[in-house]
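The listed protein sequences correspond, in order, to chains A and B. Counting from 1, one number per residue, gives the positions in the first sequence under UniProt numbering. Counting from 1, one number per residue, gives the positions in the second sequence under UniProt numbering.
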Amino acid sequence: MNDMRVSESAVGAQDVKISARKVQVFYGENHAIKDVDVEILDRTVTAFIGPSGCGKSTFLRCLNRMNDTIPICRVEGDIMLDGEDIYDRRVDPVQLRAKVGMVFQKPNPFPKSIYDNVAYGPRIHGLTRNKAELDEVVEQSLRRAALWNEVKDRLHAPGTGLSGGQQQRLCIARAVATSPEVLLMDEPCSALDPIATAQVEELIDELRANFSVVIVTHSMQQAARVSQKTAFFHLGNLVEYGETGDIFTRPQDPRTESYISGRIG
Amino acid sequence: MTAPRRSLLAPDPRTIARNRAEARFRAYGLGAVGVALVALAVLLLSIFGNGSSAFYQTYLEVPVMLPEKSLDKSGTRDIEVMKKVTTVGYAKVLKTALDEAIEANGIIVEGLGKKDVGNMISDEAAAQLRNMVLADPTLVGQTIAFEMLANGRIDGYYKGRVTRESAALDSNVSPAQLDLADALAEKGLLATRFNLDFITAPDASDQRPEAAGLGVAILGSFYMMIVVLALSLPIGVATAVYLEEFAVKNRFTDVIEVNISNLAAVPSIVFGILGLAIFINFAHLPQSAPIVGGLVLTLMTLPRIIIPARAALKAVPPSIRDAALGVGASRMQSVFHHVLPLAAPGILTGMIIGLAQALGETAPLLLIGMVAFVRDYPGGLFDPATALPVQVYNWTQRADPAFVERASGAIIVLLIFLLIMNTAAIVLRRRFERRW
Ligand SMILES: Nc1ncnc2c1ncn2[C@@H]1O[C@H](COP(=O)(O)OP(=O)(O)OP(=O)(O)O)[C@@H](O)[C@H]1O
Ligand SMILES: [Mg+2]
Chain A
1 MNDMRVSESA VGAQDVKISA RKVQVFYGEN HAIKDVDVEI LDRTVTAFIG
51 PSGCGKSTFL RCLNRMNDTI PICRVEGDIM LDGEDIYDRR VDPVQLRAKV
101 GMVFQKPNPF PKSIYDNVAY GPRIHGLTRN KAELDEVVEQ SLRRAALWNE
151 VKDRLHAPGT GLSGGQQQRL CIARAVATSP EVLLMDEPCS ALDPIATAQV
201 EELIDELRAN FSVVIVTHSM QQAARVSQKT AFFHLGNLVE YGETGDIFTR
251 PQDPRTESYI SGRIG
Chain B
1 MTAPRRSLLA PDPRTIARNR AEARFRAYGL GAVGVALVAL AVLLLSIFGN
51 GSSAFYQTYL EVPVMLPEKS LDKSGTRDIE VMKKVTTVGY AKVLKTALDE
101 AIEANGIIVE GLGKKDVGNM ISDEAAAQLR NMVLADPTLV GQTIAFEMLA
151 NGRIDGYYKG RVTRESAALD SNVSPAQLDL ADALAEKGLL ATRFNLDFIT
201 APDASDQRPE AAGLGVAILG SFYMMIVVLA LSLPIGVATA VYLEEFAVKN
251 RFTDVIEVNI SNLAAVPSIV FGILGLAIFI NFAHLPQSAP IVGGLVLTLM
301 TLPRIIIPAR AALKAVPPSI RDAALGVGAS RMQSVFHHVL PLAAPGILTG
351 MIIGLAQALG ETAPLLLIGM VAFVRDYPGG LFDPATALPV QVYNWTQRAD
401 PAFVERASGA IIVLLIFLLI MNTAAIVLRR RFERRW
C-alpha cells in the first residue's frame, strides 16, 4: 500500500502543466504548425528539437501568446495551462506572460542599466515591497543566470554594453526575476561559450525543482543533458514526443532517427 | 580548371574599374555639397550685408532742456494736464535743443533753413521724449541728456544707403544736411551705435523706418509657438503612438495614414483659408490674434510631426517590445517604459523641425489678419499681434529703401531663432541618446 502511494505522489509531482490539443498556427497562408498535441509536465525540462524553420519557436511562442503581437498569425486548437484555456477570451495575455516567462532566441536586453533590466519585471508586477528586497531579487536572479560575478561591480552600466553571451544571461536573469511557473527558452545558449552554457544548464536543472522549463535547442547533447522529455518537430509536425532517453536511444520514427544521427537538418 | 593566380600587389581590371566608380561618386557628392555651401554662403552674405546695419542706428546726442512753460503750463505736474501737450510741442523742444547745441559748438550752418535743421530729427524722437516725460514728470524743468533718433536718410548716409549724389535728387534730404551731420559727428553730437530698439520696439509707420522694430512681431511669434507646442506635441505624439502601437492595421487606418501624408503636403495657405473659415468666421475668435495663428499653424504642423514621430517609433527594434511583453508588461507599459524613450530623440527632432517650419510660415498668417499694423505689445494670446516672417513680408512691401535694411535685419533675427531651435534639437537628441 505504501509503495502505491509513493509512486502516486511521484506521478502527482509531475502533473501536466500545459497541454496542447490539435494546435494549428498560420502565418497568413503559411501553415507553420500542423495538428500538434503535446503535454508539458510540471517540474520537468522539455526540449524541442528539429531542423531550422520547422516551427519550434512558433510553437513556443503560442505557449505565452507572444504570437498575438504578429498581426498575420492565427492560432487554432486548445492550449491549457493548469486546465485553463489560455486562448479563452477572458484571459489577459499580460497576466499569462507573468506566469509563463520567455527568453528569446536573440538577446534583447532593454537599453537600460543591468539592474533595471532585471528589476523591471518585479517592479511592474509589484513583487517586492522595498529597495532591499528588490536588490535581493536582482542579485539572486543574476546569480542564477551565472552573471552575478561578472556584473556585480557595474550594475548601473547599460545592459546593451555587455557581450552577446552576457546579454543572453541577462535576459535569463530578467525572466527568472519574475518567478514564472513556466519558463520558455528559445535557444538560450546559442550565443554562449561552453562554460556559460554549462552554467545555464545547471540553472535549468535547478529551475526544474520549482518550474516547468521548455527549451528549444539545436544541440542534441544539450537536449540529452538537460531534458527529461523531448519533442521532435519536422516541417510543422510534432513527429515524436517522449522520454529524452527513449528519443535518443530508441527513436520510433525514421525522421527522428535520421535527424538525430545528422541526416536531416 | 583553376584560374591563374593573381598577385595581390597588382589590382585586376575589375577592381580598378570599381575604385574609379567609387572615386567618381565621391566627386559628385563633394560637388553637390560644395554647390550647397556656396549657395548658403551667398545667401548669408547678402542677408548679413543688407541686414546687419539694422542693428545700428544713428542718434543725435544733445542736452535737452525741458521747459515748464511749454510742457506743463499749470505747473502742477498733473499727468492729465500734461497729456494735452502733443508731440508737436515736444518736437519744438527738440529742435530748439539741436539749434542751441549747434550754436554752442560753433558749427556754421550753410544753405539750410531752420526747418531743414529740425527735419534731421526723426518724428519718432518727439514721441519718445513725450512718453519719457509722461512717465516721469519730475524731468520737466531739467536739462537732460536725450538721444534723439536721426531721420532715416541721415541714418542711411552713415550706412552707405544715401550719398551726396542721391541726396541732391531726393526731396527728403539735401547735401547741406549731410554736411551738417558730418560737422555734428565731428563734435561728437551725432553717433551711430548699437540699437537694441530694433529687437524690442514695435513697428513704425512708413515715414519713420528709423524707429521700426520687431518687438510686437517677436512677441506674436513667441505666443504662437507656445500655442503650437502646447497643442501639437501632445496631440501629435499621442496620434503617432496610437497609430503605430495600438491601432489595428486595417482599411480604416490605411485611409488615415494616407490622409496624414496628404495633409503634410497641403500648401500652407490652404490652412490659412481653413483657419479663416473656422476660427474667425465660425468660432468668432479675434482677427490678428496669436491664438488663431497658433491654431492654424498647429493644424499645419500636426501631420509634419506625426510622420517623423511614427518613423521614430517604427525604428525601435521590435525585440524591445517582445522583451517587455515577455516579462508580462502590458502594451501601454511596453510603450511608455521602453518604446517611447527610445523614440524620443527622433520625435523631438521632428517636433523642433516642425516648430521651426511653423515659425517661418507666412502665407496662412496673412489670411487671418496677422499682417495688420500693430503698435501695442500683445498682452496675451487674444491681443492683436504680427509675426516675424509676416513682418519681413510687410517691410519688403514698403516704399522707403530703409525698410529693406529692416527686412534683412528681421530675417537675421528669424535665422537666429531657427538656429537656436535646431541647436536645441541636436542637444536634446544627444542628451536622450546618451541615456541609451
Ligand atoms: N513573424 C513571422 N511571419 C511570417 N512567417 C513566420 C514568422 N515567424 C516564423 N515564420 C515562419 O514559420 C515557420 C517556422 O518558423 P520558426 O521561427 O518557428 O522556426 P524555428 O523552428 O524556430 O527555426 P530556427 O531553428 O531557425 O529558429 C517558418 O517557415 C517561418 O518562415
Ligand atoms: Mg527559432
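Idealized CB from N, CA, C, for every residue including glycine.
Is any heavy atom in ligand 1 found nearer than 7 angstroms to the beta carbon of Gly55 (chain A)?
Numbered from 1 along the first sequence, position 55 holds the residue referred to as residue 55 (chain A). It does: the Cβ of Gly55 (chain A) is within 7 angstroms (strictly closer) of some heavy atom of ligand 1.
Residues from the region 224-242 of chain B in contact with chain A, defined by Cβ distance under 9 angstroms:
Residues of the region 224-242 of chain B with a C-beta atom less than 9 angstroms from some C-beta of chain A do not occur.
Pairwise C-alpha distance: Arg161 (chain B) and Ile411 (chain B)
Here residue 411 (chain B) corresponds to residue number 411 of the second sequence, with the count starting at 1. Here residue 161 (chain B) corresponds to residue number 161 of the second sequence, with the count starting at 1. Taking the straight line from one Cα to the other gives about 19 angstroms.
For the region 146-175 of chain A, enumerate the residues whose C-beta is nearer than 9 angstroms to any C-beta of chain E, in chain order.
The chain inventory of the structure shown lacks chain E, comprising the protein chains A and B.
Where Thr396 (chain B) sits in the DSSP three-state scheme
Taking the second sequence and counting its residues from 1, the one referred to as residue 396 (chain B) is at position 396. In this structure, Thr396 (chain B) counts as helix in the three-state DSSP scheme.
According to DSSP, is Met370 (chain B) helix, strand or coil?
Here residue 370 (chain B) refers to the residue found at position 370 of the second sequence. Met370 (chain B): coil per DSSP, three-state reduction.
Rounded to whole angstroms, what is the Cα-Cα separation between Phe48 (chain A) and Arg174 (chain A)?
Counting from 1 along the first sequence, the entry for residue 48 (chain A) is found at position 48. Counting from 1 along the first sequence, the entry for residue 174 (chain A) is found at position 174. Straight across, the Cα-Cα distance linking Phe48 (chain A) with Arg174 (chain A) is about 22 angstroms.
Quick check on Ile79 (chain B): buried or exposed, where buried means 16 or more other Cβ atoms within 10 Å of its Cβ?
Against the second sequence, residue 79 (chain B) aligns to sequence position 79. Counting the other Cβ atoms within 10 Å of the Cβ of Ile79 (chain B) gives fewer than 16, which makes it exposed.
If you draw a straight line from the alpha carbon of Ile215 (chain A) to that of Thr46 (chain A), how long is it in whole angstroms?
Taking the first residue of the first sequence as 1, we reach residue 215 (chain A) at position 215. Taking the first residue of the first sequence as 1, we reach residue 46 (chain A) at position 46. In this structure, the CA atom of Ile215 (chain A) is about 6 angstroms from the CA atom of Thr46 (chain A).
Strictly below 8 angstroms CB to CB, what residues from chain B border Lys17 (chain A)?
Looking up residue 17 (chain A) in the first sequence gives position 17. The contacting residues do not exist; Lys17 (chain A) stays about 18 angstroms from chain B at best.
Using beta carbons (cut-off 8 angstroms, strictly below), is Asn108 (chain A) in contact with chain B?
Sequence index remark: in the first sequence, residue 108 (chain A) carries index 108 (1-based). The beta-carbon of Asn108 (chain A) is placed less than 8 angstroms from the nearest beta-carbon of chain B.
Taking only beta carbons into account, state which residues of the region 76-94 of chain A come closer than 9 angstroms to chain B, listed in chain order.
Flagged, chain order: Asp92, Pro93 and Val94.
May I ask you to list, following chain order, the residues of the region 293-324 of chain B that have a beta carbon less than 9 angstroms from some beta carbon of chain A?
For chain A, the residues of the region 293-324 of chain B that bring a beta carbon within less than 9 angstroms of one of its beta carbons are Pro317, Pro318, Ser319, Ile320, Arg321, Asp322, Ala323 and Ala324, in chain order.
CA-to-CA distance, Ala312 (chain B) to Ser113 (chain A), given in whole angstroms:
By one-based count along the first sequence, residue 113 (chain A) stands at place 113. By one-based count along the second sequence, residue 312 (chain B) stands at place 312. Distance between Ser113 (chain A) and Ala312 (chain B), taken at the CA atoms: about 22 angstroms.
Less than 7 angstroms separating the Cβ of Val214 (chain A) from some heavy atom of ligand 2?
Here residue 214 (chain A) corresponds to residue number 214 of the first sequence, with the count starting at 1. Here the distance from the Cβ of Val214 (chain A) to the nearest heavy atom of ligand 2 is not below 7 angstroms.
Tell me whether Asn19 (chain B) sits in a helix, a strand or coil according to DSSP, three-state version.
By one-based count along the second sequence, residue 19 (chain B) stands at place 19. Note: Asn19 (chain B) maps to helix in three-state DSSP.
With a threshold of 7 angstroms (Cβ to nearest heavy atom), would Gln167 (chain A) be considered close to ligand 2?
In the first sequence, counting from the first residue as 1, residue 167 (chain A) sits at position 167. Between ligand 2 and the CB of Gln167 (chain A), the shortest heavy atom gap is not smaller than 7 angstroms.
Does the region 52-64 of chain B touch the region 173-180 of chain B, meaning 3 or more C-beta pairs lie closer than 8 angstroms?
Judged by Cβ distances under 8 angstroms, the region 173-180 of chain B makes no contact with the region 52-64 of chain B, as fewer than three pairs qualify.
How many Å lie between Gly272 (chain B) and Gln397 (chain B) at the Cα?
Here residue 272 (chain B) refers to the residue found at position 272 of the second sequence. Here residue 397 (chain B) refers to the residue found at position 397 of the second sequence. Straight-line Cα distance between these residues: approximately 21 angstroms.
Near-chain A residues of the region 327-341 of chain B (beta-carbon distance less than 7 angstroms), N- to C-terminal order:
Look at the region 327-341 of chain B: the residues with a C-beta under 7 angstroms from a C-beta of chain A are Val327, Gly328, Ala329, Ser330, Gln333 and His338.
Considering only the beta carbon of each residue, do Met300 (chain B) and Glu361 (chain B) sit closer than 8 angstroms?
On the second sequence, residue 300 (chain B) is found 300 positions in, with the first residue counted as 1. On the second sequence, residue 361 (chain B) is found 361 positions in, with the first residue counted as 1. Contact: yes.
Please report how far the alpha carbon of Arg24 (chain B) lies from the alpha carbon of Ala324 (chain B), in whole angstroms.
Position 24 of the second sequence, counting from 1, holds the residue named residue 24 (chain B). Position 324 of the second sequence, counting from 1, holds the residue named residue 324 (chain B). Distance between the alpha carbons of Arg24 (chain B) and Ala324 (chain B) is about 47 angstroms.
What does Thr178 (chain A) reach in chain B if we use C-beta pairs closer than 7 angstroms?
Along the first sequence, read from residue 1 onward, the residue named residue 178 (chain A) stands at position 178. Result: Val327 and Gly328.
When DSSP labels each residue in this structure, what does Pro4 (chain B) get in the three-state scheme?
Taking the first residue of the second sequence as position 1, residue 4 (chain B) is located at position 4. Reduced to three states, the DSSP call for Pro4 (chain B) is coil.
Taking 7 angstroms as the line, does the beta carbon of Gly220 (chain B) fall inside it for any heavy atom of ligand 1?
The count along the second sequence starts at 1 and reaches residue 220 (chain B) at position 220. Flag unset: Cβ of Gly220 (chain B) not near ligand 1.
Give me the residue from B:Ala399, B:Ile368, B:Thr253 and B:Phe403 with the minimum Cα distance to Ile280 (chain B).
In the second sequence, the residue the question calls residue 280 (chain B) occupies position 280. Residue nearest to Ile280 (chain B) within the set B:Ala399, B:Ile368, B:Thr253 and B:Phe403 is B:Ile368 (criterion: CA-CA distance).
Assuming Pro384 (chain B) and Val296 (chain B) are in contact, meaning their beta carbons sit under 8 angstroms apart, how far apart are those beta carbons, in whole angstroms?
Reading the second sequence from its first residue, position 384 is the one you call residue 384 (chain B). Reading the second sequence from its first residue, position 296 is the one you call residue 296 (chain B). Taking 8 angstroms as the upper bound for CB-CB distance, Pro384 (chain B) and Val296 (chain B) are not in contact here, some 15 angstroms apart.
Any C-beta of chain A under 8 angstroms from that of Lys249 (chain B):
Translated into positions along the second sequence, residue 249 (chain B) becomes position 249. When Cβ-Cβ separations below 8 angstroms define contact, Lys249 (chain B) makes contact with chain A.
Taking 7 angstroms as the line, does the beta carbon of Asp186 (chain A) fall inside it for any heavy atom of ligand 2?
For the purposes of this step, residue 186 (chain A) is taken as the residue at position 186 of the first sequence. Relative to ligand 2, Asp186 (chain A) has its C-beta within less than 7 angstroms of a heavy atom.
From the DSSP output, which residues share a beta bridge with Arg74 (chain A)?
To locate residue 74 (chain A), count along the first sequence from 1; it is residue 74. DSSP, once it has assigned bridges, lists A:Phe26 as partnering Arg74 (chain A).
Under 8 angstroms, do Leu419 (chain B) and Met225 (chain B) count as touching if we go by C-beta distance?
Locating residue 419 (chain B) in the second sequence gives position 419, where the first residue counts as 1. Locating residue 225 (chain B) in the second sequence gives position 225, where the first residue counts as 1. Cβ distance not < 8 angstroms, so Leu419 (chain B) and Met225 (chain B) don't count as in contact.
Are the C-beta of Ala20 (chain A) and some C-beta of chain B separated by less than 8 angstroms?
Locating residue 20 (chain A) in the first sequence gives position 20, counting from the first residue. False, the Cβ-Cβ gap to chain B never drops below 8 angstroms.
State yes or no: is the beta carbon of Thr58 (chain A) nearer than 8 angstroms to at least one beta carbon in chain B?
Start at 1 with the first residue of the first sequence, and residue 58 (chain A) comes out as number 58. Chain B, which has no Cβ nearer than 8 angstroms to the Cβ of Thr58 (chain A), makes this no.
Glu202 (chain A) to Ala209 (chain A) span [Cα, whole Å]
Indexing the first sequence from 1 puts residue 202 (chain A) at position 202. Indexing the first sequence from 1 puts residue 209 (chain A) at position 209. Each residue's Cα considered, the two are about 12 angstroms apart.
Run of the beta strand (DSSP E) containing Asp78 (chain B), from where it starts to where it stops:
One-based indexing of the second sequence puts residue 78 (chain B) at position 78. Boundaries for Asp78 (chain B): no beta strand (DSSP E) harbours it, and the DSSP string shows neither H nor E there.
Separation of Ala145 (chain A) from Ala10 (chain A), as counted between CA atoms:
Position 10 of the first sequence holds residue 10 (chain A). Position 145 of the first sequence holds residue 145 (chain A). Confidence at Ala10 (chain A) is low in this model, with a pLDDT of 38, below 50, so its placement is unreliable and the value that follows should be read with caution. Rounded to whole angstroms, Ala10 (chain A) to Ala145 (chain A) spans 28 angstroms at the Cα level.
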